[in-house]
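Using this note's numbering, you'd call the opening residue of the sequence shown number 337 and step up by one each time. Some notes on the structure that comes next.
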Amino acid sequence: MEKLVLIHGALGNYSEFDEIIPQLENDFDIEAFEIPHHGNYPNSKVEFEINALVKDFLKFLNKFGPAYIYGFSLGGYLAIAAAQEDPSNILGIVTQGTKFNWSEETAIKETATLNVDFLSSKAEGFYNHLIKLHGDYLPELLEKTADFMNNLGENPAITPKSVEKITVPVRLTRGGKDKMVSKEETLKINDGLQFGNYFEIPSMIHPLGFINSKHIARLISIQIESMKYHWASTPFGKMAYQIFGEIKSENETVVLFLHEAIGSIAQWKEFPKNLCAELNLPGITIEFPGYGFSEAEDKNRNAKYLHEFALEYLPAFIESIQLRNPLLIVGHSDGGTNALLYSTKHPSNVKGIATMAAHYINEKETRAGIQPAIEAWDSGKFKGLEYFHGEKTERLFFSWANTWLKPDFIDWDISEDIRGNSISALIIQGNEDQYGTDQQVNGIVDLLENSEAYFIDDCGHAPHLEKEEIVISKINNWFCNS
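Here it is as structure tokens:
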């Protein structure tokens with residue numbers, strides 16, 4: 337099991353991770369590192385100064401072993417500074433809300449609020465949180481922190497130039513509502529990194545203790561997993577992808593996963609890995625431009641957007657990575673439609689397709705299912721999508737919702753585009769899919785020459801997540817016998 341170190345911020349302590357750790361411990365061996373002079377170490381003999389903290393942290397890492405590091409605020413600064421000195425036990429770093437722009441002027445500004453009178457009168461909620469963490473020790477910690485910041489302002493440890501030496505992947509994350517850390521200062525550091533990526537979550541604020549622990553756990557796991565991604569350069573922008581297993585030869589079938597309308601690599605969860613293991617085949621998950629960790633897209637969608645994804649973006653990706661293998665394409669929702677379109681146009685490249693909740697016509701039930709999603713968005717219930725797609729989220733959501741509701745999309749029908757497709761196909765749908773009736777499956781099967789319908793009881797729009805074992809078993813049996 338891979339190791340993960342969590343580092344709190346200034347004025348924090350390890351207890352801020354109490355609700356986060358249980359959500360990550362099935363995937364990581366976790367250690368919460370407490371910065372000297374915080375939590376259990378108020379009288380630490382380690383000097384509260386960045387260089388001394390780096391030495392202390394590196395000593396800890398030498399004992400704990402190679403690990404990923406998540407650092408909130410000061411914790412992120414400590415992690416980056418440590419990587420500059422000795423990255424040998426660092427697999428990768430995720431920072432959240434870390435301030436990098438330190439000077440004497442910024443230190444004066446930051447320390448102006450570090451006193452009990454100001455916090456208790458002007459930031460009562462945050463003050464009560466700090467009292468809960470530190471009790472009577474808080475005034476002394478505030479004074480120590482002010483001295484630390486003043487020293488850092490005089491001698492910053494991190495600059496856009498200094499991070500150039502870092503050879504491990506770094507993910508710099510920040511909340512769009514973070515009033516303590518600017519996007520500009522974070523991007524300057526990202527520009528200096530060899531293997532960096534900036535990811536902004538629009539609705540996220542700064543204080544760790546005021547953010548849903550589920551969201552922080554999601555942020556950490558997604559950002560760490562992204563360190564295993566690759567990027568393909570295409571005429572439509574860079575596309576992120578992840579490889580499962582080893583592609584040993586061009587004769588070996590590769591499972592290619594195509595995500596849904598507001599999907600991403602991470603939203604497949606464990607399904608690609610588990611399916612590839614069952615099939616004993618390598619696999620690739622991708623993100624189209626405008627999704628997840630792929631490059632942003634500003635193109636307005638029209639009734640041909642799925643044709644563009646399937647017949648322009650996908651071939652460009654395949655060509656970019658020189659993928660010559662026969663493909664078993666597994667697509668969910670929009671991804672299933674893309675699989676139908678691509679396999680019809682390029683049958684020689686495809687060994688089979690398995691679709692889940694694919695659509696070939698725009699039913700009234702599809703449009704009816706979108707309106708509740710828009711209402712859920714308006715009430716804030718889709719904010720979790722921001723941890724998958726960052727700043728792209730709102731545009732992505734409404735590109736999907738508004739396109740399917742447009743008057744010129746009502747008659748959308750790809751029947752003639754896929755008619756006569758002879759590729760072996762498994763067409764799966766949940767019996768309770770809110771975005772389509774049985775006609776989506778039956779109509780597709782009637783149009784194809786070598787297809788099989790499969791309905792799953794007590795299942796909605798995402799069979800691979802709701803009924804994963806059933807779906808994997810069915811795909812395995814179908815593919816082995818096709």
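We put the CB at the ideal spot given by N, CA and C, even for glycine.
Reduced DSSP secondary structure (H/G/I, E/B, other) of residue i
i	result
Gln-603	helix
Ala-576	strand
Asp-634	coil
Lys-381	coil
His-470	helix
Met-692	strand
Gly-756	coil
Tyr-565	coil
Phe-436	coil
Ala-761	strand
Thr-449	coil
Gly-619	strand
Arg-510	strand
Ile-583	coil
Integer Cβ distance of residue i from residue j, believed to fall under 8 angstroms
i	j	result
Ile-541	Lys-519	Not really, about 14 angstroms apart at Cβ, beyond 8 angstroms.
Asn-813	Ile-792	That pair is no contact at about 14 angstroms.
Ala-419	Thr-431	The pair is not a contact, with the Cβ atoms about 11 angstroms apart (cut-off 8 angstroms).
Val-590	Leu-659	7 angstroms
Gly-511	Gly-433	6 angstroms
Ile-558	Ala-602	5 angstroms
Ile-754	Leu-783	5 angstroms
Leu-410	Ala-346	4 angstroms
Cys-647	Lys-681	A small correction: the amino acid at residue 647 is Leu; Cys does not occupy that position in the sequence shown. Indeed, because the Cβ distance is near 6 angstroms, the residues count as touching under 8 angstroms.
Close-in-space but distant-in-sequence residues of the same chain around residue i (CB under 7 angstroms, 5 per side omitted)
i	result
Gly-726	Phe-535, Glu-536, Ile-537
Ile-759	Ser-679, Pro-683, Val-686, Gly-688, Ile-689, Asn-786
Ile-706	Ala-737, Trp-740, Leu-741
Pro-625	Phe-572, Gly-573, Met-575, Glu-631, Glu-633, Tyr-649
Gly-796	Gly-766, Glu-768, Asp-769, Gln-770, Glu-802
Glu-440	Gly-489, Glu-490
Thr-442	Gly-489
Ile-598	Leu-721, Leu-732, Phe-733, Trp-736
Asp-744	Ala-639
Pro-423	Ile-502, Thr-503, Val-504
Contacting residues, own chain, Cβ-Cβ under 6 angstroms from residue i (five flanking each side not counted)
i	result
Ala-493	Ile-386, Ala-417
Asp-794	none
Pro-378	Tyr-473
Lys-719	Ser-539
Glu-614	Ile-808, Asn-812
Pro-505	Gly-428, Phe-531, Met-563
His-566	Tyr-577
Ala-388	Val-382
Leu-508	Thr-431, Thr-522, Asn-526, Tyr-534
Leu-455	Tyr-463
Ile-657	Ala-568
Option in the options with minimal Cα separation from residue i
i	options	result
Gly-671	Ala-652, His-643, Leu-508	His-643
Tyr-406	Ala-652, Ile-689, Asn-398, Ile-426	Ile-426
Asn-548	Ile-706, Leu-611, Leu-340, Ile-356	Ile-356
Lys-717	Gly-511, Ile-525, Ser-539	Ser-539
Asn-738	Trp-713, Gln-559, Phe-724, Asp-794	Trp-713
Ile-764	Ser-669, Leu-647, Ser-351	Ser-669
Met-337	Thr-509, Ser-630, Lys-609, Ile-366	Ile-366
Lys-435	Leu-650, Pro-505, Glu-500, Leu-523	Leu-523
Leu-360	Lys-564, Ile-560, Gly-628, Phe-593	Ile-560
Ala-568	Ile-806, Leu-663, Glu-623	Glu-623
Glu-701	Ile-746, Glu-730, Ile-665	Ile-746
Glu-370	Ser-380, Asn-362, Lys-445	Ser-380
His-800	Lys-605, Ala-652, His-374	Lys-605
Asn-757	Ile-558, Gly-779, Asp-392	Gly-779
Gly-545	Asn-661, Ile-558, Gly-348, Asp-422	Gly-348
Lys-497	Glu-441, Gln-603, Asn-437, Leu-783	Asn-437
His-373	Leu-394, Phe-484, Ser-585, Lys-339	Phe-484
Thr-495	Phe-364, Ile-556, Tyr-413, Leu-397	Tyr-413
Phe-724	Thr-447, Asn-587, Ile-556	Ile-556
Glu-730	Asp-363, Cys-612, Ala-709, Pro-475	Ala-709
Phe-815	Glu-804, Val-781, Leu-762, Ala-798	Leu-762
Lys-445	Leu-594, Asn-817, Val-517, Phe-593	Val-517
Ala-798	Phe-607, Val-781, Asn-376, Asp-363	Phe-607
8 angstroms CB neighbourhood of residue i in its chain, flanking five on each side removed
i	result
Glu-699	Gly-772, Thr-773, Gln-775, Gln-776
Glu-460	none
Asp-749	Tyr-696, Ile-697, Asn-698
Below-8 angstroms beta-carbon distance, residue i vs any chain D residue
i	result
Ile-525	Note that chain D does not occur in the displayed structure, where there is just one protein chain.
- So does the segment 763–773 actually touch the segment 685–696, counting three or more Cβ pairs closer than 8 angstroms? yes
- Query: With a cut-off of 8 angstroms, do at least 3 Cβ pairs link the segment 784–793 to the segment 718–737?
  - Reply: no
- Query: Is the segment 395–403 close to the segment 489–506, with three or more CB pairs under 8 angstroms?
  - Reply: no
- Query: Below 8 angstroms, can you find three or more Cβ-Cβ pairs linking the segment 552–572 to the segment 463–475?
  - Reply: The segment 552–572 is not in contact with the segment 463–475.
- Item | Inter-stretch contact at 8 angstroms, needing at least 3 Cβ pairs: the segment 617–637 / the segment 570–588 | yes
- Message: Is it the case that the segment 474–484 contacts the segment 447–460, given that we only count it when at least three CB pairs across the two stretches are under 8 angstroms?
- Response: With the cut-off at 8 angstroms, the segment 447–460 and the segment 474–484 touch.
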